[in-house]
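Student: Structure provided below as structure tokens; questions to follow.
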Amino acid sequence: MSTEARAEHFGAADWEGGTLPYRVGHRKLGMWLFIVSDSLTFSALLIGYSYLRASNNWPTPFPFYPSIVFSSVMTFCLLSSSLTMVFGVSASSKGDKARARKWILATIFFGLAFIILHLIEWNHLIGEGLRPFYLPEHWVKTFTLADGTPPSPLFGATFFAITGLHMFHVATGAIYLSVVAARVKKLKHEDVEISGLYWHFVDLVWMFVFPLIYIMSVDVGGHLAR
Amino acid sequence: MSAHAEEHFAGSNKLFISIWVWLLVFTLIEIGLAYRPMAIHIMLTILLGLSIIKAALIVAYFMHLKFERLSLVLTIVPMLVICIVLLFVFFPDSFRSYGLRYKFQESPPVAPASEEP
């Protein structure tokens, strides 16, 4: 029995070497494994945040404007950047590298818009007096419970850590995509697709950060005097 | 390896635009939910449900996993889900420590008078 026939018999041809068992190159598989590990990093951070939130009196300070309006526009920017990235990868798969570069540049534009809006939003909160381990005084006054329990000062720590790490990923992605856009004609299609995987992952993380950090912390009744 | 098979990128632009529209619709629903009074655990369940649907759409279509080999999906997704779910083991402790919090029911406690002479 030839090697091939035996492999056929055991259904194990994929694992005998000389082929790509997952039908993806090693670089793409590497990016997928990186994404899995990075997902766990963000999961751990978000679960740490949820742990603190469930065990403390947690402030819900975000007003409709600026916080929710800004974060919603930021969400729109990231979702749109994912769409332009898909178009870029799609153009690259057809061999139209010039078009791919155009779409990747659009993706970078949306990414940078996200970062700028996010920094303005951070600036609002820092201006109000929010710090990693302190709340603004008027937040403490508003969110102290009737039994005297003050709101957790760790709000700032979780907020800046999680959104900061996410913003770092967006910034890194923008640099990564700039390099891909600059060298797109020399790169193989799969390399463009891999950069797309990273970018979509950054978008995906925001799909959890936005509801858990922003939507769950909306100051619904407008309790916070400003 | 067949380079042609690798270069193929399934999915039309129309499909991707419809996914993008769905993602925006789910986001708008989430923002709307923020301003509807409801119990926090119901809100959390709906928000996380919507987030998981959005994440699945992104992974399946934008990240193209739906069009990859099943063996790749089975290698990546279940272990990630199991690891994340295992992290939930911390929550009973979180609820316990909320219960342990000292509540000033009437007035804040005062230090006992020193018995030292």
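Chains as they are written, first to last, in the numbering used here: chain A, 600 to 825; chain B, 334 to 450. We put the CB at the ideal spot given by N, CA and C, even for glycine. Since we're looking at a predicted model, the values are computed, not measured.
Quick check on the DSSP output: the alpha helix (DSSP H) that includes B:Y431 runs from which residue to which?
Tutor: Per DSSP, B:Y431 belongs to the alpha helix (DSSP H) from 424-433.
Student: Taking the CB atoms as reference points, tell me whether B:R402 and A:V804 lie closer together than 9 Å.
Tutor: It is not a contact, given that the beta carbons lie outside the stated cut-off.
Student: Could you tell me whether the stretch 663-681 of chain A touches the stretch 802-816 of chain A, where touching means 3 or more Cβ pairs closer than 8 Å?
Tutor: Yes, the stretch 663-681 of chain A touches the stretch 802-816 of chain A.
Student: Along the alpha helix (DSSP H) that carries A:L716, what are the first and last residues, could you check?
Tutor: Segment 696-727, the alpha helix (DSSP H) holding A:L716.
Student: Using the Cβ count rule (16 or more neighbours within 10 Å means buried), how would you classify A:W614?
Tutor: Result: exposed.
Student: Flag A:Y664 as yes if its beta-carbon sits less than 9 Å from any beta-carbon of chain B, otherwise no.
Tutor: Chain B contact via Cβ: absent.
Student: Leaving out five residues before and five after B:E339 in sequence, what residues of the same chain have Cβ atoms less than 8 Å from its Cβ?
Tutor: Summary for B:E339: the model assigns pLDDT 44, below 50, so the residue's position carries little reliability; its value from the coordinates is reported in the next sentence. Counting only Cβ-Cβ distances below 8 Å, and skipping sequence neighbours, we find nothing.
Student: Start and end of the alpha helix (DSSP H) containing B:N346?
Tutor: Start and end: 346-367.
Student: Which residue or residues does DSSP assign as beta-bridge partners of A:V817?
Tutor: A:V817 pairs with A:F661.
Student: Against chain B, does A:T748 count as a neighbour if the rule is that its beta carbon must be under 9 Å from one of theirs?
Tutor: With 9 Å as the cut-off, A:T748 counts as an interface residue toward chain B.
Student: Exposed or buried, which one is B:S351 when buried takes at least 16 other CB atoms within 10 Å?
Tutor: By the neighbour-count rule (16 or more Cβ atoms within 10 Å), B:S351 is not buried but exposed.
Student: Could you spell out the range, first to last residue, of the alpha helix (DSSP H) harbouring A:M806?
Tutor: Start and end: 788-808.
Student: Using a beta-carbon distance below 9 Å, is A:W631 in contact with chain B?
Tutor: Yes, its Cβ sits closer than 9 Å to a Cβ of chain B.
Student: Cβ of B:T315 less than 9 Å from any chain A Cβ?
Tutor: In the structure as shown, chain B begins at 334 and stops at 450. Residue 315 of chain B is therefore absent and cannot be evaluated.
Student: Among residues of its own chain, excluding the 5 on either side of A:L823, which ones have a beta-carbon nearer than 6 Å to its beta-carbon?
Tutor: Closer than 6 Å at the Cβ level, and outside the excluded window around A:L823, lie P660, T741.
Student: If you draw a straight line from the alpha carbon of A:M564 to that of A:N656, how long is it in whole angstroms?
Tutor: With chain A covering only 600 through 825, there is no way to say anything about residue 564 of chain A.
Student: Compare the beta carbon distance of B:I417 and A:I646 with 9 Å and say whether it is the shorter of the two.
Tutor: In this structure, A:I646 lies closer than 9 Å to B:I417 by Cβ.
Student: Output, in sequence order along the chain, the residues in the stretch 797-809 of chain A whose CB is closer than 7 Å to any CB in chain B.
Tutor: Under the 7 Å Cβ criterion, the stretch 797-809 of chain A contributes H799, D802, L803, M806, F807.
Student: What in chain A is Cβ-close to B:S404, meaning under 9 Å?
Tutor: Ordered by position in chain A, the residues that pass the 9 Å Cβ test against B:S404 are D613, P620, Y621, R622.
Student: By Cβ distance, which residues of its chain are closer than 7 Å to B:V392, with the 5 residues on each side in sequence left out?
Tutor: Cβ within range, chain order: L398.
Student: Using a 10 Å radius around the Cβ and a threshold of 16 neighbouring Cβ atoms, would you call A:D802 buried or exposed?
Tutor: Result: buried.
Student: Got a sec: which bits of the stretch 407-418 of chain B sit with their beta carbon under 8 Å from any beta carbon on chain A, in order along the chain?
Tutor: Within the stretch 407-418 of chain B, the qualifying residues are T408, I409, M412, L413, C416, I417.
Student: Quick one, which residues of the stretch 670-689 of chain A are near chain B if we go by CB-CB under 8 Å, in chain order?
Tutor: Those would be S671, T674, F675, L678, S679, S681, L682, M684, V685, F686, V688, S689, in chain order.
Student: A:I814 and B:I386 - do their beta-carbons sit closer together than 9 Å?
Tutor: Against a cut-off of 9 Å, the Cβ pair of A:I814 and B:I386 comes out as no contact.
Student: Considering Cα atoms alone, identify which of A:W738, A:M684, A:L619 is closest to A:G755.
Tutor: Of the candidates A:W738, A:M684, A:L619, the one whose C-alpha sits nearest the C-alpha of A:G755 is A:W738.
Student: Just verifying my parser: in three-state terms, what is the DSSP assignment at A:F609?
Tutor: Bear in mind that a pLDDT of 48 at A:F609, under 50, signals an unreliable position, so the number given afterwards is only what the model happens to contain. Helix.
Student: Beta-carbon of A:L716 versus every beta-carbon of chain B: anything under 9 Å?
Tutor: No, no contact with chain B.
Student: I need the boundaries of the alpha helix (DSSP H) containing B:I386, first residue and last residue.
Tutor: It spans 373-390 - the alpha helix (DSSP H) in which B:I386 sits, taken as one unbroken run.
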